[in-house]
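Notes follow the structure.
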Amino acid sequence: MSPTSTTGMTFEKSADSLERLIMVARHIFTQALEFVDLLESDEQLTCDSKYLPGSTIGKHLRHARDHYTLLLDALESPPPRLVNYDVRLRNTPMESSRAAAKQAMKDTIKRLEKLIPNRALVDERLTLNAVTPHPQVFETTFGRELWFCELHAIHHWSMIRVIAGELVWFYCLPVLDYGLTWSALDSQNIKITDGSFGFAPSTLVFKGNDAALAQSRY
């Protein structure tokens with residue numbers, strides 16, 4: 001008997017689960033790549049948010065991508081294949097360079113796509129080490145952790161969306177030097193055209209959205 005969720009939906013394991021997970025990851029990174037193409041300068045990656053102190057677009061892109069890197073590195077390591085998301089790879093080029101950010105995300109997509117032929121990897125056992133703040137050890141699978149990385153990235157895309165909403169072209173530069181008023185600058189806000197950017201698939205499905213991630217259930 002197939003397990004049924006509290007929403008009444010029936011869930012069955014598919015032979016192409018890994019491919020579907022990687023399809024979602026590819027779409028999530030594609031959203032980020034398209035967003036970076038909207039930026040006009042590298043400085044926009046490093047502008048500090050007023051509403052999320054200490055946050056920058058570059059930091060959120062790097063942090064989300066790091067989780068995939070740590071997971072893939074663990075998968076490629078010998079047993080017991082330890083993954084620890086508390087490891088930080090700060091101050092990398094992708095935090096401050098649009099070109100580096102795009103290349104880093106493209107490289108991660110390629111690493112993921114190379115796994116597609118080996119469908120059994122979705123159930124590959126991993127050991128997760130976490131600080132909660134107390135040290136914890138959990139047994140998990142690559143498929144489960146890949147899904148976590150995807151939801152984690154979407155969470156950070158939503159914060160990028162907030163920063164983009166407040167960010168203007170000359171945000172980090174002296175405004176008066178350009179003879180522009182704040183209202184004029186505000187008209188140059190970054191416009192995100194993808195309405196699904198930063199929204200979880202479950203939310204998109206619930207809303208009946210026609211975005212790609214809302215269709216991934218089929």
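Everything in the sequence shown is counted per the UniProt record's numbering, starting at 1 for the first residue and increasing by one.
Even for Gly, the Cβ is constructed at its ideal location relative to N, Cα and C.
It should be emphasised that the depicted structure is a prediction, and the values quoted were computed from it without experimental measurement.
### Task
With DSSP as the reference, please indicate the residues paired to P129 in a beta bridge.
The residue you asked about is not Pro; residue 129 is Asn in the sequence shown. Beta-bridge pairing links N129 to V137.
### Query
Should the stretch 49-66 be regarded as contacting the stretch 124-139, the criterion being three or more beta carbon pairs within less than 8 Å?
Taking 8 Å as the limit for Cβ pairs, the verdict is that the stretch 124-139 does not touch the stretch 49-66.
### Task
My understanding is that A32 touches M105, with C-beta atoms under 8 Å, so please give their C-beta distance in whole angstroms.
Confirmed, about 6 Å.
### Message
I'd like to know if the stretch 142-160 and the stretch 118-125 are in contact, where contact means that at least 3 CB-CB pairs between them fall below 8 Å.
### Response
Output reads yes: the stretch 118-125 touches the stretch 142-160.
### Task
Put L52 into one of helix, strand or coil per three-state DSSP.
Of the three classes helix, strand and coil, the one that applies to L52 here is coil, per DSSP.
#### Entry: Spatial distance of A15 from N118 (CA atoms)
Approximately 11 Å, taken between the alpha carbons.
### Task
Could you tell me whether the Cβ atoms of M159 and H60 are closer together than 7 Å?
At the C-beta level, M159 and H60 come within 7 Å of one another.
### Task
Using only alpha-carbon positions, find the residue among Y68, R88, E19, S49 that is nearest to H152.
It is Y68.
### Message
Do L72 and V83 have their beta-carbon atoms positioned less than 7 Å apart in this structure?
### Response
It is not a contact, given that the beta carbons lie outside the stated cut-off.
### Message
Quick check: what's the CA-CA separation for R90 versus C149?
### Response
The straight-line gap separating the alpha-carbon atoms of R90 and C149 is approximately 18 Å.
#### Entry: Contact under 7 Å by Cβ, R65 with T108
With respect to T108, R65 sits close: the two C-beta atoms are nearer than 7 Å.
#### Entry: Rounded C-alpha distance that separates S17 from K114
Roughly 15 Å separates the two Cα atoms.
### Message
Does V36 pass the burial test, meaning 16 or more other C-beta atoms within 10 Å, or should it be called exposed?
### Response
Under a 10 Å Cβ-count criterion, V36 is classified as buried, with 16 or more other Cβ atoms of the shown protein chains found around its own Cβ.
### Message
Less than 7 Å between the beta carbons of L45 and S96, yes or no?
### Response
Contact flag set, yes.
### Reduced DSSP category for D177 - H, G, I as helix; E, B as strand; rest coil
For D177, the predicted model reports a pLDDT of 35, less than 50, meaning its position is unreliable; a value from the coordinates is still stated below. D177 falls in the helix class under three-state DSSP.
### Task
Give me whichever residues DSSP pairs with V83 in a beta bridge.
Answer is L128.
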